[in-house]
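Report on the following structure.
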Amino acid sequence: MIDLHTHSRASDGTDTPRQVMEVAAAAGLTVVALTDHDTTSGWAEAGASVEGTGVALVRGTEISTRTAVPDGGISVHLLAYLHDPAHPDLVGELARTRQDRLTRARRMVDRLAEDFPVTWDDVVAQTHDGATVGRPHLADALVAAGVVADRDEAFATMLHAGAPYYVPHYAPDTADAVRAVLAAGGVPVMAHPRAGTRGRLVDEDTIAALADAGLAGVEVDHRDHDEADRVRLRELATELGLLVTGSSDYHGSGKLNRIGEHTTDPAVLAEVERRGRLEVLWP
Ligand code: AMP
Ligand code: FE
Ligand code: FE
Ligand code: ZN
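Just remember that the working numbering sits 1 ahead of the position in the sequence shown, which is counted from 1.
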């Protein structure tokens, strides 16, 4: 059982990297990818937990990107696997994104503070040191302040992209990010391409163009996709010669997603490992 998309508190998950590995073991997984947003800072602790848990680790990152369209930009999450974490093409872009996420979170708090009893210190209190800051941390601060019951309610009412409190953050162009992942020896896979409740989706021509740029695969089995989405994505993957993955997008207690609720074929993992610069860390 292979789950190629999880988050720890190195970004917006609620478990430590070690706990992610432990939860994976308890769920009967043999392989897990840790894919925190825009960072590799959880890799070392997760890697140190391979022996103790018996779970193999695929080192990954979920890169925030944006695809330009005539009337704006569409947010695209790009999973990168087994890349050199020190490659300059990636290091610079990820650092810039993390820095602007901080600026953006402060601006969102400024807006929220006009209507709700929440401060920047409240957000800092909800964010593990060095973590990539995201809207889930704002949600946690709003929960702690008693404004909403949980992250879901925060997103539904005040943090979604159409809300007046929303501020976008810097993100590299999607095709540029695909090329940077390849330059770093990684394997780029588009996360949840049809997760429509998160905002606008890129069209199939854009996915085809990304395949031309070197995109290796698409995440198909994911809770944000219905059956029709999955059928169509499988067809598209066949047409474009893309790998198909499945994963949970586990965020600890921050989301309902259960680790291992969707999984990836071992043959696909073997191909990811063959193409990636880093090894999978086997127990
Ligand atoms: P950001 O990266 O700051 O734009 O925030 C997006 C993140 O928020 C995603 O990676 C999800 O993990 C999380 N998210 C989105 N919608 C929800 C929700 N309804 N409940 C909990 N977390 C969510
Ligand atoms: Fe997330
Ligand atoms: Fe994502
Ligand atoms: Zn994710």
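Virtual Cβ for every residue (Gly too), placed ideally from N, Cα, C.
Go to residue i, then tell me how far its alpha helix (DSSP H) extends in each direction, as first and last residue.
i    : result
L58  : Where L58 is concerned, there is no enclosing alpha helix (DSSP H), although the beta strand (DSSP E) it sits in stretches over A57 to V70.
A126 : W121 to Q127
I208 : E205 to A214
L285 : The structure shown has nothing for residue 285, since the chain only spans 2 to 284.
T54  : V51 to T54
H138 : R136 to A145
V273 : P267 to R276
T175 : T175 to A184
Since I believe residue j is in contact with residue i (beta carbons under 8 Å), could you give me their beta-carbon distance rounded to a whole number of angstroms?
i    : j    : result
A265 : I64  : Note on residue identity: the sequence assigns Thr, not Ala, to residue 265. Actually they are not in contact, since the Cβ atoms of T265 and I64 sit about 19 Å apart, beyond 8 Å.
T66  : T40  : Not a contact, Cβ separation roughly 15 Å.
A172 : S76  : 7 Å
A181 : E94  : 6 Å
A26  : G55  : 6 Å
R99  : K256 : Actually they do not touch by this definition, with Cβ atoms about 21 Å apart.
V24  : I260 : 5 Å
T17  : L35  : Actually they are not in contact, since the Cβ atoms of T17 and L35 sit about 11 Å apart, beyond 8 Å.
In its own chain, which residues sit with a C-beta less than 6 Å from the C-beta of residue i, not counting the 5 before and 5 after it?
i    : result
L58  : A47, G48, V51 and L282
W44  : R60
A238 : V219 and V245
F117 : V148
V273 : Y82 and V188
A142 : V119, D123, V124 and Q127
Considering residue i, what are the terminal residues of the beta strand (DSSP E) in which it resides?
i    : result
P189 : V188 to M191
E115 : No beta strand (DSSP E) holds E115; DSSP gives it neither H nor E.
E1   : Nothing can be reported for residue 1: it is not among the residues displayed for the chain, which extend from 2 to 284.
A346 : Given a span of 2 to 284 for the chain in the structure shown, any question on residue 346 remains unanswerable.
H78  : G73 to Y82
T7   : I3 to T7
V245 : L244 to G247
Are there any heavy atoms of ligand 2 lying less than 6 Å away from the beta-carbon of residue i, as far as the coordinates show?
i   : result
D13 : yes
Within the present structure, is the beta-carbon of residue i separated from the nearest heavy atom of ligand 1 by less than 6 Å?
i    : result
P173 : no
P169 : no
In chain order, what residues of the same chain lie with their CB nearer than 8 Å to the CB of residue i, ignoring the 5 residues before and after it?
i    : result
V179 : L79, P189, L211, A214, G215 and L216
H263 : D4, D222, H223, R224, G247, S248 and S249
G186 : L83, H84, D85, H88, G277, R278 and L279
G135 : S12, D13, H38, R102 and A106
L202 : I75, P194, R195 and A196
A145 : D123, A126 and Q127
Take residue i and list the residues in its own chain whose beta-carbon comes closer than 7 Å to its own, dropping the five residues that flank it on each side.
i    : result
H129 : R10
A132 : R10, A11 and S12
N258 : R224, S249, D250, Y251 and H252
Residues whose Cβ lies closer than 7 Å to any heavy atom of ligand 3, in chain order: E63, H78, A192, H193 and D250
message: Tell me which residues pass a beta-carbon proximity test against ligand 1: closer than 6 Å to any heavy atom, given in chain order.
response: D13, H38, G135, R136, P137, R152, D153, F156, H252, G255 and K256
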